[in-house]
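Numbering (my numbering), first residue to last: 4 to 417. These notes concern the structure reproduced below.
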Amino acid sequence: MGYRLMKENITFKKTEWLKFFAIAIMVTVVPSLLKSPYDWIIAFFMILIILLRFAYINKRNDFLSKQKLNSLSTSSNDQVRMLHSQKIMLELSNTMIQVSGLKELMSIILNKAIEVIPKAKFGSILVMNHEGYLEFQAIVGFDDDLYNITLDPKESYQWQATGGHFSGPIIIEDLMKYSKEFINEDTYNSMKDMDALSLKSSLSAPILIDGQFYGSINIDSEENNMFDDQDLTLMAYFANQATIAITNHQLYEKLLHLSKYDGLTKVLNRPYFEELFENNLAKSKRYEEKVTLVVVDLNNFKQINDLYGHSIGDFVLTTFAERFSNMIRETDLLARYGGDEFVIVFFKSDYEQTLIKLESIHLNITSQPIDLTTLEKRIHCSFSYGLAEFPRDGDSLKTLFHIADHRMYEMKPK
Numbered sequence: 004m005g006y007r008l009m010k011e012n013i014t015f016k017k018t019e020w021l022k023f024f025a026i027a028i029m030v031t032v033v034p035s036l037l038k039s040p041y042d043w044i045i046a047f048f049m050i051l052i053i054l055l056r057f058a059y060i061n062k063r064n065d066f067l068s069k070q071k072l073n074s075l076s077t078s079s080n081d082q083v084r085m086l087h088s089q090k091i092m093l094e095l096s097n098t099m100i101q102v103s104g105l106k107e108l109m110s111i112i113l114n115k116a117i118e119v120i121p122k123a124k125f126g127s128i129l130v131m132n133h134e135g136y137l138e139f140q141a142i143v144g145f146d147d148d149l150y151n152i153t154l155d156p157k158e159s160y161q162w163q164a165t166g167g168h169f170s171g172p173i174i175i176e177d178l179m180k181y182s183k184e185f186i187n188e189d190t191y192n193s194m195k196d197m198d199a200l201s202l203k204s205s206l207s208a209p210i211l212i213d214g215q216f217y218g219s220i221n222i223d224s225e226e227n228n229m230f231d232d233q234d235l236t237l238m239a240y241f242a243n244q245a246t247i248a249i250t251n252h253q254l255y256e257k258l259l260h261l262s263k264y265d266g267l268t269k270v271l272n273r274p275y276f277e278e279l280f281e282n283n284l285a286k287s288k289r290y291e292e293k294v295t296l297v298v299v300d301l302n303n304f305k306q307i308n309d310l311y312g313h314s315i316g317d318f319v320l321t322t323f324a325e326r327f328s329n330m331i332r333e334t335d336l337l338a339r340y341g342g343d344e345f346v347i348v349f350f351k352s353d354y355e356q357t358l359i360k361l362e363s364i365h366l367n368i369t370s371q372p373i374d375l376t377t378l379e380k381r382i383h384c385s386f387s388y389g390l391a392e393f394p395r396d397g398d399s400l401k402t403l404f405h406i407a408d409h410r411m412y413e414m415k416p417k
């Protein structure tokens, strides 16, 4: 940079010396050559042309110098911004390893994006929920009531601007136009009351999971024409980080679910059931509440497997578990203990109350055969059960299960 500035100074000095010699020649030599008024007129215009030429050279040198200085300044600013962006990206990568909560991750990603793209003070990340609607997972600069708003994916700026054809980050101008045309009237009015629709431009990037639209990250401004191509490149990075965070969270949720629930029937698995039972039994002891444990076993399940195959047997198990689950309270526990054996725990329920409930469930399930559509058959599913009450029959899971299991086998068809 110093070399270029020095070179400009040398060029300028050469021009000054040339001007000096030209003027000296015109003053000392030229007058002796002029013989007539016509010669003087020609000489005047020649001198004028030379002076204008020098003026042009000076102006051009000044312009080039300023242009180079501006270029150097812009280049320097870009380098500073690039280094700052790299620092933020490294911080984000390190943070994402340590944080597991999705909302917290989304908030960190959004704040880092705004820190790197400081032309706007507003931002949001929307993520698809289980019902197929977009929820605000992170916001900056907006009222917290925005978290209560859900949007149809087609109401999002990203969808409106692309028609559902997502290829990467985009710059959207005239946001008010999109809002009025596409957002549901009630939602529009709610967001307007929160002052969430006063924005004019947005830098928006889709979040794609397995190639499907899953949400968007948006950086917004109250002014038009605030974003450029460099911002688009940065937004692509942050959208990718959001995608990684969501994918990892989904994987974590799946692993967590598998650690707690039976893979086939989706009810509690044995280890997690035992953990929940011990925690709840401690509360029941403290408040002197009765608890009834029930052991359930399907009748003739081996014959179903042998006759129709294990895939039909699995279907019978899942159907049975689903029906049973729908007939107990959310506060009760239902777990698959192994094979065709299930355990149910009814809290704040004594032996007699639970027995009445079991008889009703048994009647309901046995009176509704399971349809085997592929075989065009119907299977009548029945089960045997045994009960044990806390504290009357015991005060531990091992004791209660042993008694209930014994009573269940007494009920089994001989």
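From the three backbone atoms N, C-alpha and C, an ideal C-beta is built for every residue, glycine too. Bear in mind the structure is a predicted one, so any value in this text is a computation, not a measurement.
Check: Bridge partners of Glu-392, per DSSP?; Outcome: Thr-295
Check: Using only CA atoms, which one of Ile-173, Asn-114, Asp-335 lies nearest to Thr-236?; Outcome: Ile-173
Check: Does Asp-146 come out as helix, strand or coil in the three-state DSSP assignment?; Outcome: coil
Check: Going straight from the alpha carbon of Leu-154 to that of Gln-306, what length do you get?; Outcome: 51 Å
Check: Tell me the rounded alpha-carbon separation between Val-298 and Asp-343.; Outcome: 11 Å
Check: Would you grab the beta carbon distance between Leu-259 and Glu-225 for me? Rounded to a whole angstrom, and I think it's under 8 Å.; Outcome: At roughly 41 Å, the Cβ-Cβ gap does not stay under 8 Å, so Leu-259 and Glu-225 are not in contact.
Check: Note down, in chain order, each residue of its chain lying with its Cβ closer than 8 Å to the Cβ of Asn-367, except the 5 sequence neighbours on either side.; Outcome: Arg-326, Met-330
Check: Please state if the CB of Leu-403 and the CB of Ala-391 are separated by a distance shorter than 8 Å.; Outcome: yes
Check: Under a Cβ-count criterion, where at least 16 other Cβ atoms within 10 Å of its own Cβ denotes burial, should Asn-272 be classed as buried or exposed?; Outcome: buried
Check: Can you tell me whether DSSP reads Met-194 as helix, strand or coil?; Outcome: helix
Check: Name the one or two DSSP bridge partners that Met-131 has.; Outcome: Leu-137
Check: Is it buried or exposed for Gln-229, if we count other Cβ within 10 angstroms and need 16 for buried?; Outcome: Looking at the sequence itself, residue 229 is Met, so the reference to Gln does not match. So Met-229 ends up on the buried side.
Check: Helix, strand or coil for Asn-283? Go by DSSP, reduced to three states.; Outcome: helix
Check: Measure the alpha-carbon distance for Val-130 versus Leu-137 and round it to whole angstroms.; Outcome: 5 Å
Check: Could you say which of Asp-231, Ile-382, Phe-276 lies nearest to Lys-122 if we only look at CA atoms?; Outcome: Asp-231
Check: Can you list, in chain order, the residues of its chain whose CB lies under 8 Å from that of Tyr-264, leaving out five sequence neighbours each side?; Outcome: Val-270, Leu-271, Asn-272, Tyr-275
Check: Find the nearest neighbour of Leu-178 within the set Tyr-255, Ile-117, Ser-159, judged by alpha-carbon distance.; Outcome: Ser-159
Check: Which residues in the same chain as Gly-397 place their Cβ atom closer than 6 Å to its Cβ, once the five residues preceding and following it in sequence are excluded?; Outcome: Leu-403
Check: Give the straight-line distance between the Cα atoms of Asp-213 and Glu-118, rounded to the nearest whole angstrom.; Outcome: 28 Å
Check: Is Leu-271 helix, strand or coil when you go by DSSP?; Outcome: strand
Check: For the alpha helix (DSSP H) that contains Ser-219, what are its first and last residues?; Outcome: It is not in any alpha helix (DSSP H) - Ser-219 instead sits in the beta strand (DSSP E) that spans 215-224.
Check: Quick one: what does DSSP say Ser-76 is sitting in, helix, strand or coil?; Outcome: Unreliable placement is indicated for Ser-76, whose pLDDT of 47 sits below 50; no coordinate value is reported for it.
Check: Does DSSP classify Val-419 as helix, strand or coil?; Outcome: This structure cannot settle anything about residue 419, because the visible part of the chain is limited to 4 through 417.
Check: Return the chain-ordered list of same chain residues with a C-beta closer than 6 Å to the C-beta of Ala-141, the five sequence neighbours on each side being excluded.; Outcome: Met-109, Ser-110, Leu-113, Ile-128
Check: If you draw a straight line from the alpha carbon of Gly-341 to that of Val-143, how long is it in whole angstroms?; Outcome: 49 Å
Check: Round the Cβ separation of Ala-245 and Ile-210 to the nearest angstrom and send it over; I've been treating them as touching at under 8 Å.; Outcome: 5 Å
Check: Quick check on this structure: which residue in Pro-372, Ile-382, Leu-284 has the alpha carbon closest to the alpha carbon of Asp-335?; Outcome: Leu-284
Check: Mark Arg-395 as exposed unless 16 or more other C-beta atoms lie within 10 angstroms of its C-beta, in which case mark it buried.; Outcome: exposed
Check: Around the Cβ of Gly-171, are there at least 16 other Cβ atoms within 10 angstroms (buried) or fewer (exposed)?; Outcome: exposed
Check: Can you check whether the CB of Ala-208 is closer than 8 Å to the CB of Phe-241?; Outcome: yes
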